[in-house]
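Going by the working numbering, the sequence shown opens with residue 265, and the numbers climb by one from there. Every residue gets a Cβ at the ideal spot worked out from N, C-alpha and C, and that includes glycine. In this text, all values refer to a predicted model and were calculated from it rather than measured experimentally.
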Amino acid sequence: MNDRVAIITGAGGALGRATALRLGQDGFAVAVLGRASEELDESARLLDEAGVPVRTLEVDLRDAEAIEAAITTTDRDFGPVEALVNNAAIYPSTPFLDIPLAEYEDVVTVNQRAYFYAAQVAARPMVERRSGAIVNVGSITFHGGWSNLASYVSTKGAAVGLTRALARELGEYGVRVNAVSPGAFPTKAEEIQGDSAEYTEFVLTRQSLKRRGTNAELAAVVSFLVGPDSAFVTGQTINVDGGWIME
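Here it is in structure tokens:
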């Protein structure tokens, strides 16, 4: 058993991997959760090479029973889950009038229902121990609106709403819940934007800081929100976007 464990969903992606490595550096044992993939295996390998106790949880977030089993057994057998980072998301780009209901429901299942259920399962032992932190990954698209991403944007708004509701309800048990809203970080999501140079120009004209952020910089904010320096912070959404959205 490890002293404290962090679970990161979508840990095969760029932001999830950076977060996993940072929390491992902070002293957490890390459970990387996501669909079976070479990317998830690579995240686990990098953690292992860094000397971080790691557990791989191959889970399709559409499967609620699998989510429950993965989190429950991790808490019981790997160590107390002190931090959950709901990071996984899908983001099909489709004009609103053309979005099939099945596509919308799939996005809601992965980006919204899975966040809710993973938080619920992880929070139960946190409440018993009177300790824990949950971070939901939102998006600045919720604050600014975005064309062709209505399903994704609506679920990211739900992540902020869930954060506030859980912070209010779980605070009396010592469980903190916050959100981060990333801006334009270098991830696979950029593929839907087309030309990379053109997109970079688009980003820099809107950011206050005239450079692209790094995945490690997003991970550092998550580290703060699950660590002791944010012990009196809950219910907040921090935009990590180089000064793009200011609210």
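Cα-Cα, which of the options is closest to residue i?
i	options	result
VAL399	MET265, THR273, THR373 and ARG268	THR273
ARG440	ALA397, THR464, LYS420 and TYR463	ALA397
GLU287	GLY315, ARG299 and SER301	Note that residue 287 is Leu in the sequence shown here, rather than Glu. Of the candidates GLY315, ARG299 and SER301, the one whose C-alpha sits nearest the C-alpha of LEU287 is GLY315.
ASP312	LEU321, SER301 and VAL294	VAL294
GLY343	ARG428, ALA386 and VAL372	ALA386
ALA480	GLN289, MET265, ASP267 and ARG268	GLN289
ALA347	GLU462, GLY438 and VAL467	GLY438
GLY499	ASN442, ALA378, SER395 and PRO356	ASN442
TYR416	TRP508, SER395, THR358 and VAL504	THR358
VAL467	ASP341, ALA308, GLY447 and ALA484	GLY447
GLU332	LEU426, TRP508, TYR379 and ILE509	TYR379
TYR355	ASP341, VAL345, VAL372 and LEU426	VAL372
GLY435	TRP508, GLY425, VAL497 and ARG475	VAL497
ILE502	LEU285, THR427 and VAL296	THR427
Does the beta-carbon of residue i have 16 or more other beta-carbons within 10 angstroms, so that it is buried, or is it exposed?
i	result
ASP362	exposed
ARG281	buried
GLY477	buried
ALA431	buried
PHE360	exposed
GLU433	exposed
LEU321	buried
PRO492	exposed
SER460	exposed
GLY409	exposed
SER301	exposed
Starting from residue i, follow its DSSP beta bridges and name the residues at the other end.
i	result
ALA397	ALA347 and ARG440
VAL294	ALA270 and VAL318
VAL514	Because the chain here runs from 265 to 511, residue 514 falls outside it and cannot be looked at.
Suppose you measure from the CA of residue i to the CA of residue j; what does that come to, to the nearest Å?
i	j	result
SER494	PHE488	6 Å
PRO450	GLY277	11 Å
VAL318	GLY506	32 Å
ILE335	VAL391	15 Å
PHE292	VAL490	10 Å
ILE374	LEU325	For the sequence presented, residue 374 should be read as Val rather than Ile. The straight-line gap from Cα to Cα measures roughly 6 Å.
LEU310	THR338	20 Å
ALA382	LEU473	34 Å
ASP370	HIS407	22 Å
THR469	PRO389	45 Å
VAL269	PRO364	39 Å
ASN266	ARG393	15 Å
ASP305	GLY298	10 Å
ALA353	ALA414	14 Å
VAL486	VAL444	7 Å
SER411	TYR368	15 Å
LEU482	ALA429	23 Å
Identify, in the order they occur along the chain, each residue of the same chain with its Cβ nearer than 7 Å to the Cβ of residue i, setting aside the five sequence neighbours on each side.
i	result
GLU351	Here the sequence assigns Asn to residue 351, which means Glu is not the residue at that position. These residues qualify, in order along the chain: ILE272, THR273, GLY274, LEU279, GLY280, THR283 and VAL401.
Would you say residue i reaches chain C, if we count a Cβ-Cβ gap shorter than 8 Å as a contact?
i	result
GLY421	The structure shown contains no chain C, having only a single protein chain.
Take residue i and list the residues in its own chain whose beta-carbon comes closer than 8 Å to its own, dropping the five residues that flank it on each side.
i	result
ALA330	VAL323 and ASP324
VAL504	VAL444, SER445, PRO446, GLY447, GLY477, GLU481, LEU482 and VAL485
Could you pull out every residue in the same chain whose Cβ sits closer than 6 Å to the Cβ of residue i, ignoring the five residues on either side in sequence?
i	result
GLU303	GLY276
ALA328	TYR381
GLN376	THR419 and ALA422
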